[in-house]
Every structure is written in structure tokens, then in C-alpha cells.
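Per the numbering used here: the sequence shown = residues 2 to 220.
Glycine included, C-beta positions come from ideal geometry on N, C-alpha and C.
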Amino acid sequence: MAEKNHTGYLRRAAGFAVMVCLAGTMLFSMPSGGTDTALEKFVASLSSMSADFSYEYAMDDGRTVVTGSGTVTMQGDAYAVDGNGLEIFCDGNSIWTVDRAAREVVIEACSPESASFVMNPAALLGNFDKVFSVKSSAVTSSGDVSYTLMPAADTGMTEMEIVLASDGSRLTGAAFKTKDGAVVRFTIPSFSFSALSSPERFVPDISSLDSDYIITDLR
2 MAEKNHTGYL
12 RRAAGFAVMV
22 CLAGTMLFSM
32 PSGGTDTALE
42 KFVASLSSMS
52 ADFSYEYAMD
62 DGRTVVTGSG
72 TVTMQGDAYA
82 VDGNGLEIFC
92 DGNSIWTVDR
102 AAREVVIEAC
112 SPESASFVMN
122 PAALLGNFDK
132 VFSVKSSAVT
142 SSGDVSYTLM
152 PAADTGMTEM
162 EIVLASDGSR
172 LTGAAFKTKD
182 GAVVRFTIPS
192 FSFSALSSPE
202 RFVPDISSLD
212 SDYIITDLR
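See the structure below:
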């Protein structure tokens, strides 16, 4: 049972992890003496538009390797994730985790004061100017630009890497290491920006679920 719960935790965390990497670009402290066009363009788009993308990941904490894939829509501090058997919605105030196989829904408060940035990307978004700085950047063999970001506060992470297209139009890969030793690596098969969408997109229709669903509201 403990192993099942541990795998379930990783499965849920992996759904958030790619958004943490995305959130890691929204506000940042550039090294003195210059600017970076690709990162600045990406940050500007991410701050003012909706981002839709698919992802594939491997999350290894030394005990268990969890792999999977999914899709994400992210807009400001709101997001919707569909992947690895879970649907996760956040409107900036509450988080709904819908497990259709288990026929369960868990609702939690999305608190800006939460210390768990890995499990609460909205908290990261709201505090990012205090959280990360760019350590270095390099051009990859494919012509993309890789950035190493270092935490300036306790995020639960020791290092983050993001890889952007050279024109800043999309995210192509990401990775981070947690303080407890887990490593999460992502590839991003598709990524696009679009105009802001209705906030209702980030709230699930709980009333449409069958009556046998177990709904636990922890707010």
C-alpha cells in the first residue's frame, strides 16, 4: 500500500512538474551586463497569453521511475492538466484533482502562502521574483537555447533547466532536481501560444459526474 501511495504521489507531482518549469521563466533575474532575446520573448508571451502544450516525462526519485505524457493549458495562475490518468484544474483559488479510474475528486485550496512550490505552481508564479535567477545559458546542437536557473529561495528544487527555441516561440524541453534527489526530465512535442481564454476552462464541471464519485473537499 505504501508503494502504491508513493507512486500515486509521483504521478500527481509529475503533472505539476512541467508547469513548475514553465513558471520558472515568468519572472527572473538576468546576469548583469546583458539581456537575452529568446528568454525575454518567451516570458512576455507566457505572461500575457495562454500556453497549450503536450509533454512526455520521466521522474526518478531513486526508488521508482514514473513515465508518462499529457497535455497542459496554462494561463496566468490558472491551469488544466490531463495526463497519467489524472485531470487537474486550478482557477487560482482552488485545485481539483479528478481521477476517473478511481471515481474520485479531491478539492484543495490553492494558497499563495504554500511553501510547496513543486505541488503548487500558482504559489511559484506569485513569488517568482524572489525565487530564481539565471545562472548560465548555452546554444544546443539543434540551435535551441538551454538555460540553467538557480533557486534564490526554498523551492524544494536545487536546479532547473529549460530549453527554448532560439526565437523564444516555444519550450522544447525542461528538467529539474528536487532537494530529496528526484530528477524530472521533459520533452515537449508540441507547444503554442494563443489569446487568453475563458476562466471557466479551468474549473471542472463536477455536477456532470456520476453520483458514485467520491468528492473530498479539503478547502
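Secondary structure of residue i, DSSP reduced to three states
| i | result |
| --- | --- |
| SER195 | strand |
| SER51 | strand |
| LYS42 | helix |
| ARG222 | This structure does not reach residue 222, given that the chain is present from 2 up to 220, and the question cannot be answered. |
| ARG202 | helix |
| SER208 | helix |
| ASP61 | strand |
C-alpha distance - residue i paired with residue j, whole-angstrom precision
| i | j | result |
| --- | --- | --- |
| SER212 | GLU105 | 11 Å |
| GLU162 | PHE177 | 6 Å |
| THR98 | LEU40 | 31 Å |
| PHE187 | GLU109 | 26 Å |
| ILE189 | GLY174 | 5 Å |
| GLY35 | VAL44 | Reliability fails at GLY35, whose pLDDT of 46 lies under 50, so the model's placement of it is uncertain and no value is given. |
| SER193 | PHE54 | 6 Å |
| THR179 | MET151 | 12 Å |
| VAL204 | VAL82 | 11 Å |
| THR149 | LEU165 | 12 Å |
| PRO32 | LYS136 | Any reading at PRO32 must be qualified, since the residue scores a pLDDT of 46, below 50, and its modelled position is unreliable; the value itself is stated next. Each residue's Cα considered, the two are about 7 Å apart. |
| THR141 | CYS111 | 36 Å |
| GLU88 | ARG101 | 8 Å |
| GLY144 | SER48 | 24 Å |
| LEU126 | ASP78 | Any reading at LEU126 is ruled out, since the residue's pLDDT is 46, under 50, leaving its predicted position unreliable. |
| ASN94 | SER167 | 35 Å |
| GLY69 | TYR80 | 19 Å |
| THR72 | ALA103 | 20 Å |
| LEU210 | TYR58 | 29 Å |
| ARG220 | PHE90 | 15 Å |
| SER191 | ARG202 | 20 Å |
| ARG171 | SER195 | 12 Å |
Residue i classed as buried or exposed, judged by whether at least 16 other C-beta atoms fall within 10 angstroms
| i | result |
| --- | --- |
| GLY84 | buried |
| GLY169 | buried |
| PRO200 | exposed |
| ASP92 | buried |
Neighbourhood of residue i by C-beta distance below 6 Å, restricted to the same chain and skipping five residues each side
| i | result |
| --- | --- |
| ASP62 | ALA183 |
| ASP181 | none |
| THR74 | ASP53 and ALA81 |
Sequence-distant residues of its chain with Cβ nearer than 7 Å to residue i (five each side left out)
| i | result |
| --- | --- |
| LEU197 | MET50, SER51 and GLN76 |
| THR38 | GLY169 |
| SER147 | SER138, ALA139, THR141, GLU162 and VAL164 |
Sequence-distant residues of the same chain with beta carbon closer than 8 Å to residue i, five excluded per side
| i | result |
| --- | --- |
| ASP206 | none |
| THR217 | GLU105, VAL106, VAL107 and ILE108 |
Any non-hydrogen atom of the ligand GTP within 7 Å of residue i CB
| i | result |
| --- | --- |
| GLU109 | By its list of ligands, the structure shown contains no ligand whatsoever, and the ligand GTP lies outside what it can speak to. |
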